[in-house]
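Okay, structure first, notes after.
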Amino acid sequence: MKKFFMLPVLAALAIGSVFAQEFTVSGELKTGFYWERKQQGDNEVEETGYVHNNDDAGANQGRFRLNMQLDKENVGMKVRFEQTLWTTSTPGWAYSFAYGYFLDNQLKISGGKLGDSPWAAGGPERWDELDTKIGIRTELMPQFIPGLNIGFVLNDWDQGLNISTTNKTIDELLKETVLGASYENDYFGVRVAFRGDSILDNDANRQDDGSKLLYRVEERALQKVLEGFQIWANGYYDGIQSEKGLVYYNWLYFQYAPEVFTTQIRVGLDAAEANRQVLHIRPSFYYNLFDKLVTAGLAFSYRQDFGSKYSEGSPYQQLWIEPQIKLNLANTYVALVYRYSNEYTSLDQITETHWVNLRLVFTF
């Protein structure tokens, strides 16, 4: 099994050796050391430590990511290998697909395990993509409207569907089609994607039942007046027209990043559970020292729930403060991050947590 999964990597490297000028490789390794001390109410203190990087690196020891791209004339391929659990011998493929440009680069067709969507939410709080299954993506980029990208994806059902005994039909599969559009110019950018939902793709144990919608909106005109200033928003809706109810996440970002510092405010509103909404407010400030060799600062988070609260009458749902110092060395950085948080997890009961994460990140 391990040899089988390595065949695409070896094949890509072999092809890349022939067309070296058109073959690019990039990647990232995130790891670190994590220590945590937690006390829930009057319970005994729990303390633990292990190898881990908790900055978007999975729930295990860390994350290794390898990106490969090969372009030859009007066709190419993209592969992303990703590993977050070192104890397993089976690697994971975030995506592995081929693509081609046609009609004077106005038409792009991709096929395989899709990723790198042109209609993605784009982060930082939401990185959602709706076209990440095995399928065929068609994009139209007309020259008479520069910056426009519209298209659709014919793909498989969502992960989690048990279709072994289901009478699968083509019309039900087509209901899972993704529709996407994006438009960018010097003053703003917008992306939106919608994924339908087949009645066959309906598992009572799943949380993502129903159609899905995501968006990203950016303004770019203010940067021409105040360099380094940005405003953007993104969001994700799940369970549209579902009997389980609508789940949504919306974030609005304000950022000012001149040469010497970066300050940001993130405001979020989500409804991940029935009859419960959560408001997030996250300001941060980081200062660059010694020509960006060292970055130091802190972030703060306030979270309040409404409706069916975890703890009725609580003044907040969670508070945390997170100082950080980071040493930037070319394509590597080492960061020491501490967080203190307290959170109402039940009626009049607070969970208090201290953690420290020493992060090591290589990029290439």
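Heads up, the final residue of the sequence shown is numbered 475 in this note's numbering, and it's a clean run with no missing numbers.
Heads up, the beta-carbon is just placed ideally off N, CA and C, and yes, glycines get one too.
The model shown is predicted, which means the values in this text are computed figures rather than measured ones.
DSSP state of residue i mapped onto helix, strand, coil
| i | result |
| --- | --- |
| residue 256 | coil |
| residue 116 | The predicted position of residue 116 is uncertain, since its pLDDT is 47 and thus under 50; no value can be drawn from it. |
| residue 323 | strand |
| residue 335 | helix |
| residue 310 | coil |
| residue 250 | strand |
| residue 131 | Low confidence applies to residue 131: its pLDDT is 48, below 50, so where it sits in the model is not reliable, and the reading given next is rough at best. Helix. |
| residue 357 | coil |
| residue 285 | helix |
| residue 237 | coil |
| residue 211 | strand |
| residue 163 | coil |
| residue 197 | coil |
| residue 452 | strand |
| residue 217 | coil |
| residue 423 | coil |
| residue 367 | strand |
| residue 228 | coil |
| residue 475 | coil |
| residue 329 | strand |
| residue 404 | coil |
| residue 152 | coil |
Test item: CB-CB of residue i and residue j under 9 Å
| i | j | result |
| --- | --- | --- |
| residue 414 | residue 428 | yes |
| residue 195 | residue 211 | no |
| residue 438 | residue 416 | no |
| residue 418 | residue 386 | yes |
| residue 329 | residue 300 | yes |
| residue 289 | residue 302 | no |
| residue 346 | residue 325 | yes |
| residue 398 | residue 372 | yes |
| residue 367 | residue 379 | no |
| residue 139 | residue 176 | yes |
| residue 293 | residue 259 | yes |
| residue 321 | residue 281 | no |
| residue 446 | residue 167 | no |
Burial state of residue i, where buried means 16 or more other Cβ atoms lie within 10 Å
| i | result |
| --- | --- |
| residue 264 | buried |
| residue 232 | buried |
| residue 221 | buried |
| residue 208 | buried |
| residue 172 | buried |
| residue 250 | buried |
| residue 145 | buried |
| residue 238 | exposed |
| residue 143 | buried |
| residue 474 | exposed |
| residue 309 | buried |
| residue 285 | exposed |
| residue 304 | buried |
| residue 335 | exposed |
| residue 114 | Any reading at residue 114 must be qualified, since the residue scores a pLDDT of 47, below 50, and its modelled position is unreliable; the value itself is stated next. It is exposed - the Cβ of residue 114 has fewer than 16 other Cβ atoms within 10 Å. |
| residue 137 | exposed |
| residue 323 | buried |
| residue 405 | exposed |
| residue 164 | buried |
| residue 381 | buried |
| residue 156 | exposed |
| residue 401 | exposed |
| residue 440 | exposed |
Nearest neighbour of residue i, chosen from the options [CA to CA]
| i | options | result |
| --- | --- | --- |
| residue 467 | 137, 158, 235 | 158 |
| residue 363 | 344, 459, 353 | 344 |
| residue 435 | 444, 151, 246, 409 | 409 |
| residue 430 | 401, 405, 462 | 462 |
| residue 148 | 179, 161, 422 | 161 |
| residue 283 | 376, 311, 241 | 311 |
| residue 262 | 457, 397, 241, 460 | 241 |
| residue 388 | 421, 321, 354 | 421 |
| residue 295 | 178, 156, 235, 331 | 331 |
| residue 425 | 444, 459, 411 | 459 |
| residue 432 | 440, 230, 465 | 465 |
| residue 214 | 254, 244, 141 | 254 |
| residue 456 | 321, 174, 153 | 153 |
| residue 444 | 365, 412, 403 | 403 |
| residue 246 | 266, 218, 401, 383 | 266 |
| residue 224 | 230, 179, 394, 248 | 248 |
| residue 376 | 405, 423, 291, 341 | 341 |
| residue 133 | 156, 179, 141, 164 | 179 |
| residue 454 | 205, 206, 412 | 412 |
| residue 298 | 269, 287, 333 | 333 |
| residue 192 | 392, 446, 226, 218 | 226 |
| residue 219 | 252, 244, 203, 183 | 252 |
| residue 205 | 230, 181, 448, 244 | 244 |
| residue 234 | 392, 327, 423 | 327 |
Closer than 9 Å to chain E by CB, residue i
| i | result |
| --- | --- |
| residue 155 | Checking the listed chains, one finds no chain E in this structure; it contains a single protein chain. |
message: Is it the case that the stretch 197–206 contacts the stretch 181–188, given that we only count it when at least three CB pairs across the two stretches are under 8 Å?
response: Touching, no, given that fewer than three Cβ pairs across the two stretches are closer than 8 Å.
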